[in-house]
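Chains as they are written, first to last, in our numbering: chain A, 1382 to 1528; chain B, 1382 to 1528. Yeah, the Cβ is synthetic: ideal placement off N, Cα and C, and Gly gets one too. What you are looking at is a predicted structure, and each value in this text was computed from that prediction instead of being measured.
Number of protein chains: 2
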Amino acid sequence: MRLTMYTDFSLRMLIYLGAKEPGVLSTVQEISESYNLSKNHLTKVAHELGKLGLIETVRGRGGGIRLKVEPQNINVGSLVRKTEDDFQLVECFNSNTNRCILSPVCGLKSALHKALEAYFLVLDEYTIADFVVDKDKLASILFDQPL
Amino acid sequence: MRLTMYTDFSLRMLIYLGAKEPGVLSTVQEISESYNLSKNHLTKVAHELGKLGLIETVRGRGGGIRLKVEPQNINVGSLVRKTEDDFQLVECFNSNTNRCILSPVCGLKSALHKALEAYFLVLDEYTIADFVVDKDKLASILFDQPL
């Protein structure tokens, strides 16, 4: 029941970028330093978020990354559905590898599916904008700016 | 977002025992053969379910394990809350190891907590009895008995 490091880092990167003024560029280096997270991992996260169309990269000197989509249009439920690669709650969720003989008569899979859907319905209520409401406070924490 | 093998095996063992007539003993050996799961792992699962007061062991020749609690009184939500050992959805869920500088202002933890609670509220609606309704069919699958 834990999210992957990739989901965790994706959310943090989007919050960081969402806390900046629209259009302003950030570098993976500064995000890595701000959160004290691996630059390598964050580089991969930036690449994946780019592929999802959520951030864009400006190359060259003075370049960096920024949101391509407004924070209020980045739904957290949709994001986590994409960044989590393993929803195999129990063996039978993967029909390729499932060997559980109960499968034809078991109601457990359906119950766990319903529970997972309830989980996402809650996350669907949130966008990145909900987590960057207090921009001044965030800036003082993330960008080391005085309040 | 996957459950541990321990939770998966616990649910399957309880379904197996719940499919038996009340009071009838099963052995870990037969459950292991029926599901084609590791006997070692199932032995540990039986031990833990015993500690939770859900199954009891009759020792000696002809001994075995059986439910100590009726299937309709084994709530799936309560069980999974106990068998899952890691609800650390993101780093800040563990206050001992959390290093995320966002924590003081971040609303993400609260959103993920709400989502997790919604997940369990669904599982709370189920008991093991819901998964052993068709005892004849289950018996034919699990105990290799003709329909």
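Which bits of chain B does residue i rub up against, with CB to CB less than 7 Å?
i	result
TYR1507/A	ALA1492
LEU1489/A	LEU1392 and PHE1512
ASP1389/A	VAL1471 and GLU1472
Looking only at its own chain, which residues have a Cβ that is under 7 Å from the Cβ of residue i, when we skip the five neighbours before and after it?
i	result
MET1394/A	ILE1412, LEU1423, VAL1426, ALA1427 and LEU1430
THR1388/B	VAL1461, THR1464 and GLU1465
LYS1449/A	GLY1434, LEU1435, ILE1436 and GLU1437
GLN1453/B	THR1508 and ALA1510
VAL1514/B	none
ASN1479/A	GLU1472 and CYS1473
LYS1420/A	VAL1409, GLN1410 and SER1413
Give the C-beta separation of residue i and residue j to the nearest angstrom, bearing in mind that I take them to be a contact with Cβ-Cβ under 8 Å.
i	j	result
ARG1447/B	LEU1398/B	6 Å
LEU1470/B	LEU1392/A	The Cβ separation is near 10 Å, so there is no contact.
ALA1499/A	LEU1502/B	7 Å
Tell me residue i's beta-bridge partners as DSSP assigns them.
i	result
THR1438/A	ILE1446/A
THR1478/B	Partner(s): none; THR1478/B has no beta bridge.
ASN1456/A	THR1508/A
SER1413/A	Bridge partners of SER1413/A: none, in fact.
SER1521/B	BP columns for SER1521/B are empty, so no partner.
SER1407/A	ILE1446/A
Starting from the C-beta of residue i, find all residues in its chain whose C-beta is less than 6 Å away, skip the five residues before and the five after it, and write them out in chain order.
i	result
ASN1477/B	none
SER1415/B	LEU1523
PHE1512/A	ILE1396
THR1408/B	GLY1445
LYS1432/A	none
ALA1496/B	none
HIS1589/A	In the structure as shown, chain A starts at 1382 and stops at 1528, and residue 1589/A therefore has no counterpart that could be examined.
Which residues in the same chain as residue i place their Cβ atom closer than 8 Å to its Cβ, once the five residues preceding and following it in sequence are excluded?
i	result
ASP1505/A	ASN1456, VAL1457, GLY1458 and SER1459
CYS1484/A	Residue identity check: residue 1484/A is Ser in the sequence provided, not Cys. Around SER1484/A: CYS1473 and LYS1490.
LEU1406/B	VAL1439, GLY1443, GLY1444, GLY1445, ILE1446 and ARG1447
MET1386/A	HIS1422
GLU1582/A	This structure gives no information on residue 1582/A, because the portion of chain A shown stretches from 1382 to 1528.
PHE1390/A	LEU1418, HIS1422, LEU1423 and VAL1426
CYS1487/B	CYS1473 and CYS1481
Residues of chain A with a CB under 7 Å from the CB of residue i: which are they?
i	result
ASN1417/B	ARG1480
Could you list which residues in chain A have their beta carbon closer than 8 Å to that of residue i, in chain order?
i	result
ALA1486/B	Note on identity: in this sequence residue 1486/B is Val, with Ala being the wrong assignment. The answer, in chain order, is ASP1515, LYS1518, LEU1519 and ILE1522.
LEU1430/B	Those within 8 Å of LEU1430/B in chain A number zero; the least Cβ separation is about 16 Å.
LEU1448/B	What LEU1448/B touches in chain A: nothing, since even the nearest Cβ is about 17 Å away.
Could you tell me which chain B residues have their CB closer than 8 Å to the CB of residue i, listed as they occur along the chain?
i	result
LEU1435/A	Within 8 Å Cβ-Cβ: nothing; LEU1435/A doesn't reach chain B, min ~16 Å.
Show which residues of chain B have a CB atom less than 9 Å away from the CB atom of residue i.
i	result
LEU1423/A	Residues of chain B passing the Cβ test: none, with the nearest at roughly 14 Å.
Please identify, using Cβ separations under 8 Å, the residues of the stretch 1394 to 1419 of chain B that lie next to chain A, in order along the chain. Across the stretch 1394 to 1419 of chain B, CB contacts with chain A closer than 8 Å involve ILE1396, SER1415, TYR1416 and ASN1417, in sequence order along the chain.
Given a limit of 9 Å on CB to CB distance, which residues of the stretch 1495 to 1506 of chain A reach chain B? Going along the stretch 1495 to 1506 of chain A in chain order, one finds LYS1495, ALA1496, LEU1497, GLU1498, ALA1499, TYR1500, PHE1501, LEU1502, VAL1503, LEU1504 and GLU1506 with a Cβ nearer than 9 Å to chain B.
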